[in-house]
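Asks:
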């Protein structure tokens, strides 16, 4: 049976405590995949809540532009939304375009598109 960690306290400090309980030390460059949120809403993890943990991990938030209409489907609008929501250290993986990768054994897809920067990061 897997362990589940729970905290009643929603704070930057409690996120770090939970991470430390995992006893899993990450090294090197750490990508943190979260949503920086859609423009006009507040349903996303605020930088004030997650920045201390990201700094402890030596992490960078990574995202791609969305495939659906909104204020994150172009790089220009996405960067503006990121700024408006208070994020500083975000790497858009498709800022230089997409790359097709094969989906081995895929039932519905034979290929998928990912940000070119993702491929570069994995190869480093």
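Numbering (the numbering used here), first residue to last: 1077 to 1200.
Heads up, the beta-carbon is just placed ideally off N, CA and C, and yes, glycines get one too.
1. Consult DSSP for residue 1189 and reduce its assignment to one of helix, strand or coil.
2. By Cβ distance below 6 Å, which residues in the same chain neighbour residue 1172 in space, the five residues on each side in sequence not counted?
3. Just to confirm, is the Cβ distance from residue 1094 to residue 1081 under 8 Å?
4. Assign residue 1140 to one of two classes, buried (16 or more other C-beta atoms within 10 Å of its C-beta) or exposed (fewer than that).
5. What does the Cβ neighbour count give for residue 1161, buried or exposed, with the cut at 16 atoms within 10 Å?
6. Quick one: what does DSSP say residue 1084 is sitting in, helix, strand or coil?
7. Could you name each continuous beta strand (DSSP E) segment of 3 residues or more that falls completely within the region 1157-1185, going from the start of the chain to the end?
8. Expressed to the nearest angstrom, what Euclidean distance is found between the alpha-carbon atoms of residue 1130 and residue 1138?
9. Residue 1149 and residue 1157 - do their beta-carbons sit closer together than 8 Å?
10. So, using beta-carbon positions, are residue 1112 and residue 1166 closer together than 8 Å?
11. Please classify residue 1154 as buried or exposed, where buried requires at least 16 neighbouring CB atoms within 10 angstroms.
12. Taking the alpha-carbon of residue 1088 as reference, which of 1183, 1126 and 1181 has the nearest alpha-carbon?
13. Could you tell me whether the Cβ atoms of residue 1114 and residue 1147 are closer together than 8 Å?
Replies: Checking against the coordinates, here is how it stands:
1. Secondary structure of residue 1189 (DSSP, three-state): strand.
2. Only 1192 meet the Cβ criterion.
3. Taking 8 Å as the cut-off, the beta carbon of residue 1094 is found closer than this to the beta carbon of residue 1081.
4. Buried, by the Cβ-count rule.
5. It counts as buried.
6. In the structure shown, residue 1084 sits in coil (DSSP, three-state: anything other than H, G, I, E or B).
7. Counting whole runs of 3 or more residues, the region 1157-1185 contains the beta strand (DSSP E) stretches 1166-1168 and 1174-1178.
8. Approximately 12 Å, taken between the alpha carbons.
9. No, these two residues do not count as a Cβ contact at 8 Å.
10. When the beta-carbon positions are compared, residue 1112 and residue 1166 come within less than 8 Å of each other.
11. In this structure residue 1154 is buried. Its beta-carbon is surrounded by 16 or more other beta-carbon atoms within 10 angstroms.
12. Measuring from the Cα of residue 1088, the nearest candidate turns out to be 1126.
13. A distance below 8 Å separates the beta carbons of residue 1114 and residue 1147.
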